[in-house]
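Q: The structure that follows is given in the form of structure tokens.
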Amino acid sequence: MEVIVAPIRREQADAWVRMRGRLGPEWFVSRIDEFVREYFDAGRIDGLRHVVLLATRADGTPIGIAEVSLRDFAEGCGAGPVGYLEGWFVEEGARGAGVGRALVAAAERWAAKQGCTEFASDAELHNPAGLRAHVALGFEPVCDIRCFRKPIRP
Ligand SMILES: CC(C)(COP(=O)(O)OP(=O)(O)OC[C@H]1O[C@@H](n2cnc3c(N)ncnc32)[C@H](O)[C@@H]1OP(=O)(O)O)[C@@H](O)C(=O)NCCC(=O)NCCS
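Residue numbers (the numbering used here): 1 to 154.
As structure tokens, then:
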């Protein structure tokens with residue numbers, strides 16, 4: 001399958017919103033309209049510099065997305081900036097055909113152009129397919145984290 005990966009254009013934002021809606025997390029999805037606006041206006045999401053890459057079939061049909069940021073710090077990495085795969089999603093019908101790999105390759109090229117020498121990502125432990133796909137693409141596991149929360153009074 002021929003796949004084209006390029007920075008998303010404003011008129012393609014619907015595909016980004018739809019795929020992020022499927023990927024989650026809830027807090028991000030609930031603010032997606034704000035993030036889309038900020039990205040197209042300033043190249044930022046939640047204040048952090050980003051590129052959003054869209055994968056399309058040759059006929060222009062969107063089939064995958066990669067959101068990539070520049071972080072000052074990432075677990076297991078040295079001094080920043082570090083290219084960080086914030087969101088990575090391929091439509092079910094297009095999986096297993098190299099689209100995810102093409103997105104990550106383009107994401108790494110973008111990060112390298114920004115001066116990064118390391119590229120990082122994360123996946124939840126209950127997502128074995130996501131974990132395996134990272135390893136298949138050359139990511140090395142660096143740590144497992146359990147996150148915690150508790151409510152406090154203002
Ligand atoms: C993870 C995801 C983006 C991969 O996209 P994809 O287009 O299927 O990936 P590719 O076909 O390019 O595969 C890339 C590599 O990962 C491996 N891989 C992909 N899916 C896999 C799976 N379910 N189990 C094991 N390995 C897998 C492939 O074998 C391939 O390695 P290879 O070239 O050595 O064979 C896609 O499955 C997806 O959108 N999943 C739901 C969202 C998600 O989990 N995102 C990642 C965590 S944030």
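In this text, a Cβ means the ideal position worked out from N, Cα and C, and glycines have one as well. Predicted, not measured: the structure shown is a model, and the values here were computed from it.
Counting along the chain, where does the beta strand (DSSP E) carrying Leu125 start and finish?
A: Element bounds for Leu125: n/a, residue is neither H nor E.
Q: Which of helix, strand or coil does DSSP assign to Gly87?
A: The answer is strand: DSSP assigns Gly87 an E or B state.
Q: Going by CA-CA distance only, name the one from Ile145, Val82, Gly98 and Ala106 that's closest to Ala133.
A: Taking only the C-alpha atoms, the option nearest Ala133 is Gly98.
Q: Starting from the N-terminal side, write out each stretch of the beta strand (DSSP E) that is 3 residues or longer and does not extend beyond the region 24-72.
A: The region 24-72 contains these whole beta strand (DSSP E) runs: 48-57 and 62-71.
Q: Classify Thr56 as buried or exposed, calling it buried when 16 or more other Cβ atoms lie within 10 Å of its own Cβ.
A: Under this definition Thr56 is a buried residue.
Q: From this set, Glu124, Ser30 and Gly130, which residue's C-alpha is nearest Val90's C-alpha?
A: Out of Glu124, Ser30 and Gly130, Gly130 has the C-alpha closest to the C-alpha of Val90.
Q: Below 8 Å between beta carbons: does that hold for Leu53 and Ile8?
A: Going by C-beta atoms, Leu53 is nearer than 8 Å to Ile8.
Q: Is the beta carbon of Trp119 less than 8 Å from the beta carbon of Ala111?
A: As written in the sequence, residue 119 is Phe, which differs from the Trp given in the question. For Phe119 and Ala111, yes; Cβs fall inside 8 Å.
Q: Looking at Phe28 and ligand 1, is the gap between the Cβ and the nearest heavy atom below 7 Å?
A: No, since every heavy atom of ligand 1 falls outside the 7 Å radius drawn around the Cβ of Phe28.
Q: Can you give me the Cβ contacts of Leu48 inside the same chain, cut-off strictly under 6 Å, excluding the 5 residues immediately before and after it?
A: So the qualifying residues of the chain are Ser69.
Q: Which stretch, first to last residue, makes up the beta strand (DSSP E) that contains Val99?
A: Run containing Val99: none in the beta strand (DSSP E); it sits in the alpha helix (DSSP H), Val99 to Lys113.
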